[in-house]
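Undergrad: Last residue of the sequence shown: 484 in the working numbering, with the numbers rising by one and none dropped.
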Amino acid sequence: MTLKMIQAHPIAKKFLSPGLAVILASALAGPVTAGAATVKKEQARDPWAQLAWKSQSAGFRVLPLLAISKALDNPALSEAERGKLLRLANRLAGNPGAIFAAKEVATRVTDPEETRDWNWFSGLADIDRGENQAAATHFAAVKKGDRNYLRARYQLGVMAYKSKRLADAESLFKEILDAKPSPSPDLEDMSKLALGRLWYEQKKFQSAVAVYRTISRNGPLFPVALFEQSWAFFMAGFPGHALGALHGAESPFFRDQFNPEAPLLRSIILYWMCLYRDSDNALQEFIARHSGPMDQLENFLARQQLNPASAWDLFENLSAGVSGDSLGIPRNILLTAATSDRMTSLRAALTQTSREIGMIEDGKLDEFNEVKEGGSALLGNHFRALREETGKKFILALGDLRTKYDQLRAQADFLYVELLTSEKDKILGKEHLSSEKFTGRAKAGKRPAGWGQRVLAWAPDNKHEYWWDEVGFYIDPAKAACVK
1 MTLKMIQAHP IAKKFLSPGL AVILASALAG PVTAGAATVK KEQARDPWAQ LAWKSQSAGF
61 RVLPLLAISK ALDNPALSEA ERGKLLRLAN RLAGNPGAIF AAKEVATRVT DPEETRDWNW
121 FSGLADIDRG ENQAAATHFA AVKKGDRNYL RARYQLGVMA YKSKRLADAE SLFKEILDAK
181 PSPSPDLEDM SKLALGRLWY EQKKFQSAVA VYRTISRNGP LFPVALFEQS WAFFMAGFPG
241 HALGALHGAE SPFFRDQFNP EAPLLRSIIL YWMCLYRDSD NALQEFIARH SGPMDQLENF
301 LARQQLNPAS AWDLFENLSA GVSGDSLGIP RNILLTAATS DRMTSLRAAL TQTSREIGMI
361 EDGKLDEFNE VKEGGSALLG NHFRALREET GKKFILALGD LRTKYDQLRA QADFLYVELL
421 TSEKDKILGK EHLSSEKFTG RAKAGKRPAG WGQRVLAWAP DNKHEYWWDE VGFYIDPAKA
481 ACVK
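1) How is MET273 classed by DSSP in three states: helix, strand or coil?
2) Rounded C-beta distance between GLY219 and ASP256? I'm assuming under 8 angstroms.
3) In whole angstroms, what separates the C-alpha of GLU389 from that of PHE234?
4) Could you check if LYS414 is buried or exposed, using at least 16 other CB atoms within 10 Å of its CB as the buried criterion?
5) Given that a residue counts as buried once 16 or more other Cβ atoms are within 10 Å of its Cβ, and exposed if not, what is GLN50?
6) Just checking, does the region 340-360 make contact with the region 403-411 on the three C-beta pairs under 8 angstroms criterion?
7) Under 6 angstroms Cβ to Cβ from ALA101, same chain only, skipping five residues before and after it: list those, please.
8) Do you know offhand how far ALA481's Cα is from ALA288's?
9) Whose C-beta lies closer than 6 angstroms to the C-beta of ASN74 among residues of the same chain, with five residues either side of it excluded?
10) Give the range of the alpha helix (DSSP H) segment to which ASP146 is assigned.
11) Count the other CB atoms within 10 Å of the CB of PRO229; is the residue buried (16 or more) or exposed (fewer)?
12) Would LYS393 pass as an interface residue toward chain B - the criterion being a Cβ-Cβ separation below 8 angstroms?
13) Does the beta-carbon distance from PHE394 to PHE315 come in below 8 angstroms?
14) Just the Cα atoms here: how many angstroms apart are GLY83 and LYS372?
15) Tell me which residues share the same chain as GLY472 and place their Cβ nearer than 7 angstroms to its Cβ, disregarding the 5 neighbours each side in the sequence.
16) Find the nearest neighbour of ASN132 within the set ALA167, LEU150, ASP111 and SER163, judged by alpha-carbon distance.
17) Go to VAL483, then tell me how far its alpha helix (DSSP H) extends in each direction, as first and last residue.
18) If we count Cβ pairs, one from each stretch, closer than 8 angstroms, do we get three or more for the region 358-372 versus the region 284-298?
19) Is it a yes or a no for the region 147-156 touching the region 171-180, going by three-plus beta-carbon pairs under 8 angstroms?
20) For ALA135 versus ILE127, is the C-beta distance shorter than 8 angstroms?
21) Report the rounded CA-to-CA distance for ALA27 versus GLU114, giving the unit in angstroms.
22) For LYS70, count neighbouring C-beta atoms within 10 Å of its own C-beta (all shown protein chains included) and say buried if the count is 16 or more, exposed if not.
What follows is the structure, encoded as structure tokens:
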């Protein structure tokens, strides 16, 4: 409402002084806001800036960031406009699906005063380019209070762990877990898993078990933690607990998890308990269950000569629920590759970008017709770039699974030879490597904290019953058959 309209209104004529009329007109004609952002005429001078402001007011998150990255390339952009756009970008960059678009903005931020809000994303962009030292510098520059501070500490912890600076890594992971307020549930579980692996490497097996068992049962890392604590229990000298945790990791609740190491670990544990027949059965199960599918995967990779485009088609079909049976590859192998660490952020970005393309098709930018075409093109290009990157990463993830299986198969072949030697020695009345094998069950007094004194879940029977609230609390009653 304009000042003239207010002054002409009968009520205003009677009750409002001229000064109050001016104030009221100013308030009613104030800046149009969307969230915390203010749309002003000066932003409209650059077409990309105009697209950024108008698309964010329509509820977009990726598109404004892409438009801002384009606007920042304009040397004629004023410092005031640039500052406003960067503040808008910083607000939008918290969306998990916008991380790749945010990295586009970060690569255009070079001024030290501007960089302080973008060190996290600049570090991620450095990692994409393989510039790990530059990434570490950016992550270390993220200040306390920044919403990505703890995630930056996690990245520094992972870098320290990979560089064998275990004390530094441990300190960083503990800092995250001790933080107030607490980290997000996903970051908390990631840090616990990393700490468990670190303590396992340091041979602090019971400490590793303790932290593995605090990982959320409802989170995506629970089956990983359940399996890895099997190793820690075994190395700590608790074979019954190790087999029990492994029993949970192999339950139908996790049928979508491809984990060929599970039957091999079971075979290893039973071998060290001198239960050679059971060990051999588990070893044969490992070979029978996984060798065929993995050979099919290898043949498929070689036959198809996968490129990013064909790998994307495979990924898209999987996401759409198309069975992998026609390929001769079990769906759980494809799912495990598709949900690997390599793919997590890409999946979120694809989902959000696809959603925003749909928003344009549904008319969410129709009232801003002058920027609709540019927005559609920008999102389309971004989606195609994400699609190509997804194809590349999916190929690598499938290759990772094949490489891991080859390593496990080599271990299985070695274990088979050891089994033959041990069985032969047993016939001759002696125990192969007897000083290193289990001669009995762990004493009750040594049981790790948090475990009951009796078998709680799924005593082996022919009912095949599985109860979610009992997963991870089974203690296998198998007794070692080793002789001194």
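Glycine included, every Cβ here is placed at the ideal spot set by N, Cα and C.
TA: Based on what the coordinates show:
1) coil
2) Contact doesn't hold; Cβ gap of about 15 angstroms is too wide.
3) 39 angstroms
4) In the sequence as displayed, the identity of residue 414 is Phe instead of Lys. Per the 10 Å Cβ criterion, exposed.
5) buried
6) no
7) VAL62, LEU65 and LEU66
8) 26 angstroms
9) ASP46
10) Neither: ASP146 is in no alpha helix (DSSP H) and is coded neither H nor E.
11) Going by the sequence as given, residue 229 is Gln instead of Pro. Classification for GLN229: buried.
12) Within the model displayed, chain B is absent; a lone protein chain is all it includes.
13) yes
14) 24 angstroms
15) LEU226, ALA245 and GLY248
16) SER163
17) Unbroken run through VAL483: none, as it is neither H nor E.
18) no
19) yes
20) yes
21) Note that ALA27 scores a pLDDT of 40, beneath 50, so its modelled location is shaky and nothing firm can be said.
22) buried
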